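Colleague: Take this structure first; my questions come after.
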Amino acid sequence: MEDGDRRMVEEVGVALKKLPWCGGISGFPKHMEITDLWRFLGPRWLSNENEDVLMHLLRYELDSAGCTGVELANESGLFAKKLIQAYHTHKTATDQADTYAYSRGFQWIRKIGHALAMHKCQHLAALANLTENHWIAILVDVDKHTIRYGDSMGSWCNMDAELKAALRWWTQFHTGYDFTITDLPITEQPAGDGYSCGLLSWNALEAYLLGNPDLLVDKRKLMLERFRAFLRVINIHNDQVSISSVILLKVAHLTSVISNHQ
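This is the structure in structure tokens:
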């Protein structure tokens, strides 16, 4: 093991000793219990909550790098399923109020589609888990009229037929253009590994959107990449806790000063 990797493993050990046994992760819009982080620390399949936290982590990275024009579909387990539902509803609805264009139930993805059509964002990045056991990455490039599909176990040729039809319909509905589908560069999942798809799909979006192919995970170091993701989440959590503690101390001090002058 290289020195840098060894230090990272030691950092994980130190972080675990300092973490409380319960409570929520601070610094992220979506709530996740600290206990849910255990999935990052071993050969485990990442949950919807884990993927949502990773997508928010990607938002931090994009903002820090000055990358604009990227919409992240943060409801990792819902976006693609909602899109397929909208596709079927558009074809079968008999009442105008129930169609994709008018139904309040599709307002969320309709708003994203409108943002793409108006060029308020250039890219839409999403994770999807249609079968409840395999994560894939989706990247819509509105300027190039392209849908990139990242699957750590195959190419876009093996893409779910309903998802493919729904994405083509949805992008055409909002932009008026026919989008082509191609592969998103992604690290191949090792043989016998049935749990790293979530990390690899997220990593594919990270590398592409930050414009750095070198960020793609080395499949020989998947466990270390899990540790790295864990530490990045924990660092944001600790920074937020520190800020909150300072604010509470200042409020307590101000309250004390006011009380002494009454």
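Numbered by the numbering used here, the letters in the sequence shown go through residues 112 to 373 in order. Glycine included, C-beta positions come from ideal geometry on N, C-alpha and C. Everything numeric in this text was worked out from a predicted model, so none of it was measured.
1) Where does Glu144 sit, in a helix, a strand or coil, going by DSSP?
2) How far does the beta strand (DSSP E) with Gly261 in it reach, from first residue to last?
3) Looking only at its own chain, which residues have a Cβ that is under 7 Å from the Cβ of Thr286, when we skip the five neighbours before and after it?
4) Alpha carbon to alpha carbon, what distance is there between Leu235 and Trp267?
5) Can you name the residues that DSSP bridges to Glu265?
6) Confirm, please, whether the CB-CB distance from Gly309 to Leu157 is below 8 Å.
7) So, Lys332 versus Glu299, is the Cβ gap smaller than 8 Å?
8) Might you give, ordered along the chain, the residues of its own chain that have their beta carbon closer than 6 Å to the beta carbon of Arg150, omitting 5 neighbours on each side?
9) On the premise that Leu274 lies in contact with Asp116, defined as a C-beta separation below 8 Å, what is that separation, rounded to the nearest angstrom?
10) So, Leu295 versus Ala276, is the Cβ gap smaller than 8 Å?
11) Counting pairs of Cβ atoms below 8 Å between the region 212-221 and the region 160-180, do you hit three or more?
12) So for Glu336, helix, strand or coil by DSSP?
13) Of all the beta strand (DSSP E) runs that stay within the bounds of the region 119-178, which reach a length of 3 or more residues?
14) Where does Leu241 fall in DSSP's three states?
15) For Ile249, does the three-state DSSP call read helix, strand or coil?
Modeller: If we stick to the structure as given:
1) In the sequence shown, counting from the first residue as 1, residue 144 sits at position 33. Note: Glu144 maps to strand in three-state DSSP.
2) Stepping through the sequence shown from its first residue, residue 261 is reached at position 150. First-last of the beta strand (DSSP E) with Gly261: 257-261.
3) Against the sequence shown, residue 286 aligns to sequence position 175. These residues qualify, in order along the chain: Leu227, Ala228, Val253.
4) Within the sequence shown, the letter at position 156 stands for residue 267. Within the sequence shown, the letter at position 124 stands for residue 235. So the alpha carbons of these two residues sit roughly 17 Å apart.
5) Residue numbering aside, residue 265 sits at position 154 when the sequence shown is read from its first letter. In the sequence as presented, Glu is not what sits at residue 265; that position holds Gly. In DSSP, Gly265 forms a bridge with Asp262.
6) In the sequence shown, residue 157 corresponds to position 46, counting from 1. In the sequence shown, residue 309 corresponds to position 198, counting from 1. Cβ distance < 8 Å, so Leu157 and Gly309 count as in contact.
7) Locating residue 332 in the sequence shown gives position 221, where the first residue counts as 1. Locating residue 299 in the sequence shown gives position 188, where the first residue counts as 1. No, Cβ-Cβ distance for Lys332 and Glu299 is not below 8 Å.
8) If you number the sequence shown from 1, residue 150 lands on position 39. Hits under 6 Å: Leu157, Asn161.
9) The residue given as residue 116 occupies position 5 in the sequence shown. The residue given as residue 274 occupies position 163 in the sequence shown. The beta-carbon separation of Asp116 and Leu274, rounded to 37 Å, does not stay under the 8 Å limit for a contact.
10) Translated into positions along the sequence shown, residue 295 becomes position 184. Translated into positions along the sequence shown, residue 276 becomes position 165. No, the pair does not count as a contact, with Cβ atoms beyond the cut-off.
11) Taking 8 Å as the limit for Cβ pairs, the verdict is that the region 160-180 does not touch the region 212-221.
12) Taking the first residue of the sequence shown as position 1, residue 336 is located at position 225. Reduced to three states, the DSSP call for Glu336 is helix.
13) none
14) Locating residue 241 in the sequence shown gives position 130, counting from the first residue. In the structure shown, Leu241 sits in coil (DSSP, three-state: anything other than H, G, I, E or B).
15) Your numbering for residue 249 matches position 138 in the sequence shown. Strand at Ile249.
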